Amino acid sequence: MSLVDEHGNPHSTTSDDAIGTWDRAVDIYQTYNEDPYPHVDAALEADPDFVMGHAFHAAGMLMGADGKNRPKIAERLETLNRLAPRANDRERGHIAALNAWHEGDWPRAQGCFGHVLAAYPRDAYGLHVAHFLDFFQGDSRITRDRIARVLPFWDTTVTGHNFITGLYAFALEEDGDYPRAEERGLYAWDCDNRDAWAVHALAHVYEMEG
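Counted from 1, the sequence shown has number 28 at position 28 by our numbering; the numbering is strictly sequential.
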């Protein structure tokens, strides 16, 4: 049995509490204004084998790029690899991406997230992590196009669509499309002024345009 989160993504858990707190963690994570980890940890308390909770911790440490965390990352990945046989395909995609990232193979990690998002375009957390990888690879087209591919699945009826628009605004700005970046950034910011990616995009646009 599996449950789905607020965006329809399947999770290999039977805990409603884990799903509810995960949804809250992702909502907070997209704003960069609060700490999502208490909610991630609550999900793991509800289900110690909650795959995405362990994935969240592993990805967070990988993003930090602190060599002192490598033993902790390895421990999380050991747990994730143990859970992989009974995880679903989306979760296994996250696990594969994190393993590749830990091994230093960023392009393979990006590809793994690409497969996940092709099948589950409303995986907001996966999109944000992939966006981090794309941005730090320094390829503005890849950064822009990954978000553009999922945008049709995030219309205005979908909760959180504005945060995906904010991500897209930043990607447009990085690709030099300042008019569209400003328009999309203002829309996202107007929807929720906690949207850090929208603010970031607008700050860059106004800096570049004077």
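The beta carbon of each residue, even a glycine, is placed where N, CA and C say it ideally should be.
As the structure is a prediction and not an experimental result, all values here were calculated from the model.
Exercise. Below 8 Å, can you find three or more Cβ-Cβ pairs linking the region 127–146 to the region 31–43?
Worked result: Contact between the region 127–146 and the region 31–43 is absent: fewer than three C-beta pairs spanning the two stretches fall below 8 Å.
For this session: Name the two residues that bound the continuous alpha helix (DSSP H) containing Asn81.
Result: What you label residue 81 is simply residue 81 of the sequence shown in a count that begins at 1. Per DSSP, Asn81 is one residue of the alpha helix (DSSP H) stretching across 70–83.
Exercise. Which residues in the same chain as Asp47 place their Cβ atom closer than 6 Å to its Cβ, once the five residues preceding and following it in sequence are excluded?
Worked result: Position 47 of the sequence shown, counting from 1, holds the residue named residue 47. Cβ contact annotation for Asp47 (same chain, cutoff 6 Å, sequence separation greater than five): Thr13, Ser15, Ala18, in chain order.
For this session: Report yes if the C-beta distance between Val129 and Ala97 is below 9 Å; otherwise report no.
Result: On the sequence shown, position 129 is the one that residue 129 refers to. On the sequence shown, position 97 is the one that residue 97 refers to. Ala97 is positioned such that its CB atom lies closer than 9 Å to that of Val129.
For this session: Report, in whole angstroms, the separation of the C-beta atoms of Trp154 and Ile142, which I expect to be a contact under 8 Å.
Result: Mapped onto the sequence shown, residue 154 falls at position 154. Mapped onto the sequence shown, residue 142 falls at position 142. Contact flag wrong, Cβ pair sits at about 19 Å.
Problem set entry | Exposed unless 16 or more other CB atoms sit within 10 angstroms - verdict on Tyr29 | On the sequence shown, residue 29 is found 29 positions in, with the first residue counted as 1. By the neighbour-count rule (16 or more Cβ atoms within 10 Å), Tyr29 is buried.
For this session: Report the residue from Glu183, Val51, Val150, Pro121 whose alpha carbon sits nearest the alpha carbon of Phe170.
Result: Translated into the one-based positions of the sequence shown, residue 170 becomes position 170. Measuring from the Cα of Phe170, the nearest candidate turns out to be Glu183.
Problem set entry | Length of the line joining the Cα atoms of Leu202 and Gly176 | As a first step, residue 202 is located in the sequence shown; it is residue number 202 there, counting from the start. As a first step, residue 176 is located in the sequence shown; it is residue number 176 there, counting from the start. About 12 Å.
Problem set entry | Residue closest to Asn81, alpha-carbon to alpha-carbon, out of Asn69, His94, Pro71 | The count along the sequence shown starts at 1 and reaches residue 81 at position 81. The residue with the shortest Cα to Cα distance from Asn81 is His94.
Problem set entry | Rounded distance between the beta-carbons of Ala42 and Thr21, thought under 8 Å | The residue labelled residue 21 in the question sits at position 21 within the sequence shown. The residue labelled residue 42 in the question sits at position 42 within the sequence shown. Their Cβ separation, rounded to whole angstroms, is 4 Å, which keeps Thr21 and Ala42 in contact under 8 Å.
For this session: Measure from the alpha carbon of Val51 to the alpha carbon of each residue in Met61, Glu78, Leu62, then state which is nearest.
Result: Here residue 51 refers to the residue found at position 51 of the sequence shown. The closest CA to that of Val51, considering only Met61, Glu78, Leu62, is found on Glu78.
Exercise. Over what stretch of residues does the alpha helix (DSSP H) that includes Asn99 continue unbroken?
Worked result: Working through the sequence shown from its first residue, we reach residue 99 at position 99. For Asn99, the enclosing alpha helix (DSSP H) begins and ends at 89–102.
For this session: Could you tell me whether the Cβ atoms of Ala118 and Arg149 are closer together than 9 Å?
Result: By one-based count along the sequence shown, residue 118 stands at place 118. By one-based count along the sequence shown, residue 149 stands at place 149. The Cβ atoms of Ala118 and Arg149 sit closer than 9 Å to each other.
For this session: Between the Cα of Ala124 and those of Pro85, Leu151, Asn99, Ala84, spot the shortest distance and give me the residue it belongs to.
Result: The sequence position of residue 124 within the sequence shown is 124, counting from 1. Of the listed residues, the one whose Cα sits closest to Ala124 is Leu151.
For this session: Mind listing, in chain order, the continuous alpha helix (DSSP H) runs of no fewer than 4 residues lying wholly within the region 123–190?
Result: Listed in chain order, they are 124–137, 140–150, 161–174.
Problem set entry | Whole-angstrom distance between Gly160 and Arg24, CA atom to CA atom | By one-based count along the sequence shown, residue 24 stands at place 24. By one-based count along the sequence shown, residue 160 stands at place 160. Straight-line Cα distance between these residues: approximately 12 Å.
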